[in-house]
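Numbers 1 to 90, taken from full-length UniProt numbering, label the letters of the sequence shown in order. Working notes, beginning with the structure itself.
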Amino acid sequence: MTLVVGIDLGTTYSVRMLVCCNMYVTFTDSERLIGDSAKNPAAINLNNTVFDVKRLIVRKLDDSTVQFDVKHYPFKVINRNGKPIIQIQY
């Protein structure tokens, strides 16, 4: 689960917003589901459900941590110029 905090510093008032959501995206034949709504269908649509992608950001595909994670992901991760790219069907 990811926690996001947004802060708007205005001239008269300041506002804080807190968003907490699961980091899942599921692609079906007809729609894209994000967050909590994507987590339940993930069990029947593993190949087209993406999660934990922040672990891949700024890393190379040959990084040992990335290689370990890729072995355990149900979705496909391909190599594009040394970078890990997630491949799904949508």
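Where is the CB? At the ideal position from N, CA and C, for every residue including glycine. This one's a predicted model, so the numbers in the text were calculated from it and none came from an experiment.
Of 36, 22, 77, the smallest CA-CA separation from residue 62 is found for 77.
Looking from the CA of residue 24, the closest CA among 41, 83, 66 belongs to 41. Rounded to the nearest angstrom, the gap between the Cα atoms of residue 83 and residue 66 is 10 Å.
Residue 88 and residue 32 have their alpha carbons spaced roughly 12 Å apart. Residue pairing of residue 51 in beta bridges, as defined by DSSP: 24. Sequence-distant partners of residue 48 (beyond 5 residues in either direction) whose C-beta falls short of 8 Å from its own C-beta, in its chain, are 26, 27, 28, 75, 88, 89, 90. Boundaries of the beta strand (DSSP E) harbouring residue 77: 76-80, taken from the DSSP string.
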